[in-house]
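Worksheet: the structure to be examined is printed underneath.
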Amino acid sequence: MSVEPRCFSPDVQGSSGQLGDGQDRPREPSWGVGRDPAQPRIFSQARILVPMGLVGAAGLTWGGPPQLIHDAVHGTADIYEYIVLILGSLSGYWLLAHGLWRRFGVDRDKVWTRFGHLFYREIHFDQVSRIGTGMERYKVWAGTTKINLDYNRFDYTLVYLRLLEELHHRRIRLPGADITDPDWEQAAQLWRNILAGEAYGHHQRFYATHPEQLARLNALTQPPDHYDT
């Protein structure tokens, strides 16, 4: 079955379409309203994770030991209480650490992720060798380096646009279709539709007021005349 390119327009409702995991994403998340999808982004969950981590870590760290001492003095201490205290405290500190130091980002050249000064990973779009899917996420590889794109948490529209641009120049390994697969062209068109649908679905208001960018998105959804590599 031939896969036809999609065409997006402001007067067409529900243009975000069905995605690679078979699920329909919300039409326009609040973090996408009116924003230029081509702008570099830095993502953080600090507003959620820091308060949760502080409450969990503080409550168990300062409230747990007195209770354990009391139980030990009265001979009612239980090993499972210690286990729960330790695991609970570690979970609180883990949430706090991720809120403070875990960051994700994307610009025109690359997508990246880091954890303070302990961990950093980046993939340049001109080096992407593979696109994949996971549980509520997309994945991109450059050789053995992989970065997950959690589409329900962050607005990775710039990633989708840059991947569309790369698919206009060269072949990239896709789910179920290596670059030498005879059905690669069909898989590539399916993924152009998916990526463009993500971009449009997350930024319908922007594209409704920027017809030149909408025209560019529709152009990127079309197959190229030839590939550079």
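Under my numbering, the residue at position 92 of the sequence shown is numbered 150, and the numbers go up by one with no gaps.
Note that beta-carbon positions come from the ideal geometry of N, C-alpha and C, so glycine has one too.
Bear in mind that the values here come from a model prediction, so they are computed numbers and not experimental data.
*asked:* Considering only the alpha carbon of each residue, which of Y151, H182, Q271 lies closest to L107?
replied: Here the question's residue 107 lines up with position 49 in the sequence shown. Measuring from the Cα of L107, the nearest candidate turns out to be Y151.
*Taking the DSSP output, what are the residues bridged to E180?*
Reading the sequence shown from its first residue, position 122 is the one you call residue 180. The partner list for E180 (beta bridge, DSSP) reads W170.
*asked:* Quick check on F101: does DSSP put it in helix, strand or coil?
replied: Here residue 101 refers to the residue found at position 43 when the sequence shown is read from its first residue. Correct three-state label for F101: strand.
_One question on the structure: do H260 and T191 come within less than 7 Å of each other, judged by their Cβ atoms?_
Taking the sequence shown and counting its residues from 1, one reaches residue 260 at position 202. Taking the sequence shown and counting its residues from 1, one reaches residue 191 at position 133. Cβ distance not < 7 Å, so H260 and T191 don't count as in contact.
_Per DSSP, what are the beta-bridge partners of R161 in this structure?_
Against the sequence shown, residue 161 aligns to sequence position 103. For R161, which the question treats as bridged, DSSP gives the partners R172.
_Rounded to whole angstroms, what is the Cα-Cα separation between Q185 and H227?_
What you label residue 185 is simply residue 127 of the sequence shown in a count that begins at 1. What you label residue 227 is simply residue 169 of the sequence shown in a count that begins at 1. Cα-Cα distance, rounded: 12 Å.
*Look at the Cβ atom of L248, then the Cβ atom of V61, and state whether they are nearer than 7 Å.*
Within the sequence shown, the letter at position 190 stands for residue 248. Within the sequence shown, the letter at position 3 stands for residue 61. Yes, they are a contact pair.
*asked:* Counting C-beta neighbours from all protein chains within 10 Å, is the total for I137 16 or more, i.e. buried, or is it exposed?
replied: As a working note, residue 137 is residue 79 in the sequence shown. Exposed, since its Cβ has fewer than 16 Cβ neighbours within 10 Å.
*Taking Cβ positions, are K197 and E180 nearer each other than 7 Å?*
As a working note, residue 197 is residue 139 in the sequence shown. As a working note, residue 180 is residue 122 in the sequence shown. No, the pair does not count as a contact, with Cβ atoms beyond the cut-off.
_A245 versus L112: straight-line alpha-carbon distance, rounded_ = Counting from 1 along the sequence shown, the entry for residue 245 is found at position 187. Counting from 1 along the sequence shown, the entry for residue 112 is found at position 54. Distance between the alpha carbons of A245 and L112: 46 Å.
*asked:* Which residue wins for smallest C-alpha separation from Q97, given the options A266, A273, A257, R211?
replied: As a working note, residue 97 is residue 39 in the sequence shown. Considering only alpha carbons, the answer is A257.
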